[in-house]
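In our numbering, the protein residues as written are -9 to 72. A virtual CB, placed ideally from N, CA and C, is assigned to each residue, including glycine. From a predicted model like this one, the values you see are computed outputs, not experimental measurements. Everything on this sheet refers to the single structure shown next.
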Amino acid sequence: MSIILYSTEGCHLCEQAYALLTEAGVSEQVDVVDIAFDDNLFSRYGVTIPVVSIYDNESVSELGWPFDAAELALWLKSHGIN
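Written out as C-alpha cells, the structure reads:
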C-alpha cells in the first residue's frame, strides 16, 4: 500500500497537507507527485490539489482538500494506517 500526495511546487495548501501527514506520523510513507510534469495528472488534479491517495492492490481511495488533522487521521485509520 502506498500513500501519494498530488501536489505542485509553490502550492501552500499542498505544504499544509504535507505538514498534516507529518503530524500523523506517515510522511516517510508518502510519495509526493508533482502534477505539473504529467498532462493526465494535471488534467485530473489541476484545480483540486492537494489530494492524498492510498493505493493498494485492488482499489484507490482519495482524500481531497480541505481536510484537517482529525479527518486525515480517521481516513488513514479506515485504511489500516495508524
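Of the residues the options, the one placed nearest residue i, counting alpha carbons only
| i | options | result |
| --- | --- | --- |
| S(-8) | S51, A63, D58 and L62 | S51 |
| A59 | Y8, I(-6), S49 and L(-5) | Y8 |
| S17 | G36, A26 and V42 | V42 |
Residues near residue i by beta carbon distance below 6 Å, same chain, minus five either side
| i | result |
| --- | --- |
| W65 | L53 |
| L3 | P40 and W55 |
| T38 | G54 |
Contacts around residue i, its chain only, beta-carbon distance under 7 Å, and the 5 residues preceding and following it disregarded
| i | result |
| --- | --- |
| H74 | Outside the shown range of the chain, which is -9 to 72, sits residue 74, and nothing can be said about it. |
| N47 | none |
Cα-Cα separation, residue i to residue j
| i | j | result |
| --- | --- | --- |
| P40 | L(-5) | 7 Å |
| E5 | I71 | 21 Å |
Residue j beta carbon less than 8 Å from that of residue i
| i | j | result |
| --- | --- | --- |
| D24 | T(-2) | yes |
| V20 | L11 | yes |
Same chain only: Cβ atoms within 8 Å of residue i, ignoring 5 sequence neighbours per side
| i | result |
| --- | --- |
| A14 | A59, L62, A63 and L66 |
| L31 | Y(-4), V23 and I25 |
| Y35 | Y(-4), I25 and V41 |
Beta strand (DSSP E) segment containing residue i, residue limits
| i | result |
| --- | --- |
| E48 | Here E48 belongs to no beta strand (DSSP E), and DSSP marks it neither H nor E. |
| S88 | Here the chain has residues from -9 to 72 only, and residue 88 is not among them. |
| D24 | V20 to D24 |
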